[in-house]
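Right, one structure below, let's go through it.
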């Protein structure tokens with residue numbers, strides 16, 4: 070994976086874009102618990118709906134699908150790419166991916182594992198609040214284009230997005246596919262906001278400082294992957310207390326993170342290469358579908374399982390979209 074230059078194809082908004090707040094007070098305490106009772110989260114599985122709609126809008130006359138997606142081999146969300154790439158340093162977190170080949174393109178969609186579903190169902194009040202805190206922080210430090218100050222009294226919602234679409238190349242595993250040196254991946258991810266120069270910014274919260282433990286665990290790797298995959302260099306960090314009060318901010322440069330982290334991003338992309346190359350080999354003709362699962366209890370060497378399934382089990386690419394292309 071090229072970590073220096075990506076091909077930014079487009080920016081799309083589901084509702085609005087936001088910009089960082091420039092006139093921050095010298096001393097402050099952002100209470101991230103405010104408005105928790107009126108939180109308006111996005112519900113249901115996201116599937117590929119927004120990304121497919123973007124493809125349709127970019128090629129309203131249809132035509133050859135691969136041309137419409139800049140000759141990419143795969144289409145997916147950035148989150149899926151991040152999760153697969155981080156696996157070798159996040160061995161205890163399993164994942165499931167559904168894959169189907171249609172019109173010469175392999176579409177990928179993550180499905181929640183049973184463990185993740187149970188964890189979500191059994192969340193404590195504190196865990197729910199901690200999930201909310203990051204969204205509330207975004208509200209404190211961003212503003213709409215036409216306002217001077219953040220609007221922090223309105224209910225926080227995750228139904229509004231500012232998205233970007235990238236196409237990038239991932240080297241194939243030569244042991245599995247010697248005839249093709251790389252695969253193209255079209256992916257999209259949400260970006261939190263823009264600075265006054267139009268540069269994309271990622272917003273994060275962290276308990277306390279970014280001490281040594283932060284750089285030794287997979288959290289720092291995930292931050293780097295999420296940012297670097299969409300060419301974000303500036304990460305604004307809100308340092309919070311255990312109770313959810315942000316009392317200081319700092320800026321982290323994504324480009325400097327690999328030197329500080331105890332992880333090797335090349336190894337991450339090598340692992341992702343093996344997974345994506347295996348899928349490419351497995352789905353050779355139109356309509357082929359499979360489920361790829363990483364079972365953490367089996368370890369990295371034996372934990373990646375693939376099984377062929379019918380098209381009906383991977384019906385997340387609607388015919389109403391496909392009928393426009395050949």
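Numbering (our numbering), first residue to last: 70 to 395. We put the CB at the ideal spot given by N, CA and C, even for glycine. Just so it is clear, the structure is predicted and the values come from calculations on it, not from any experiment.
Nearest-angstrom beta carbon gap, residue j and residue i [assumed within contact, 8 Å]
i: residue 347; j: residue 158; result: That belief does not hold up - the Cβ atoms of residue 347 and residue 158 are roughly 20 Å apart, past 8 Å.
i: residue 361; j: residue 378; result: Residue 361 to residue 378, Cβ: 11 Å. No contact.
i: residue 179; j: residue 166; result: 6 Å
i: residue 312; j: residue 272; result: Between residue 272 and residue 312 the Cβ distance is about 20 Å, and since that is not below 8 Å, they are no contact.
i: residue 128; j: residue 337; result: Residue 128 to residue 337, Cβ: 32 Å. No contact.
i: residue 198; j: residue 105; result: 6 Å
i: residue 244; j: residue 141; result: 23 Å between Cβ atoms; not a contact.
i: residue 352; j: residue 359; result: 6 Å
i: residue 305; j: residue 210; result: 7 Å
i: residue 64; j: residue 146; result: Nothing in the structure corresponds to residue 64, since the chain is present only between 70 and 395.
i: residue 274; j: residue 309; result: 5 Å
Per DSSP, the bridge partner or partners of residue i
i: residue 126; result: DSSP, once it has assigned bridges, lists no residue as partnering residue 126.
i: residue 274; result: 307
i: residue 237; result: 254
i: residue 165; result: 180, 362
i: residue 344; result: Residue 344 is not bridged to any residue.
i: residue 175; result: 143, 170
i: residue 190; result: Answer is none; residue 190 lacks a bridge partner.
Nearest-angstrom Cα separation, counted from residue j out to residue i
i: residue 124; j: residue 173; result: 15 Å
i: residue 193; j: residue 267; result: 38 Å
i: residue 204; j: residue 276; result: 15 Å
i: residue 74; j: residue 182; result: Because residue 74 sits at a pLDDT of 41, beneath the cut-off of 50, its placement in the model cannot be relied upon, and the point is left open.
i: residue 307; j: residue 326; result: 17 Å
i: residue 212; j: residue 321; result: 21 Å
i: residue 156; j: residue 188; result: 19 Å
i: residue 317; j: residue 278; result: 10 Å
i: residue 376; j: residue 185; result: 21 Å
i: residue 370; j: residue 144; result: 26 Å
i: residue 285; j: residue 150; result: 21 Å
i: residue 373; j: residue 332; result: 21 Å
Delimiting residues of the alpha helix (DSSP H) encompassing residue i
i: residue 209; result: 194-210
i: residue 397; result: Only positions 70 to 395 of the chain appear in this structure, which leaves residue 397 out of reach.
i: residue 368; result: 368-371
i: residue 153; result: 147-154
i: residue 19; result: In the structure as shown, the chain begins at 70 and stops at 395. Residue 19 is therefore absent and cannot be evaluated.
i: residue 389; result: 388-391
i: residue 133; result: Element bounds for residue 133: n/a, residue is neither H nor E.
i: residue 328; result: 326-329
Spatially closest choice to residue i from the options, by CA coordinates
i: residue 354; options: 175, 113, 155; result: 175
i: residue 392; options: 249, 134, 302, 349; result: 134
i: residue 388; options: 122, 209, 234; result: 122
i: residue 226; options: 110, 281, 299; result: 110
i: residue 366; options: 314, 339, 142, 161; result: 161
i: residue 241; options: 108, 234, 253, 332; result: 253
i: residue 40; options: 107, 148, 269; result: Since the displayed the chain opens at 70 and closes at 395, residue 40 lies outside it and no answer follows.
i: residue 335; options: 293, 210, 315; result: 293
i: residue 103; options: 264, 220, 269; result: 220
i: residue 231; options: 269, 314, 372; result: 269
i: residue 251; options: 274, 239, 280; result: 239
i: residue 177; options: 323, 382, 139; result: 382
Residue i, enclosing beta strand (DSSP E) - first and last residue
i: residue 141; result: Taken as a continuous stretch (DSSP letters only), residue 141 belongs to no beta strand (DSSP E), as it is neither H nor E.
i: residue 220; result: Element bounds for residue 220: n/a, residue is neither H nor E.
i: residue 319; result: 314-322
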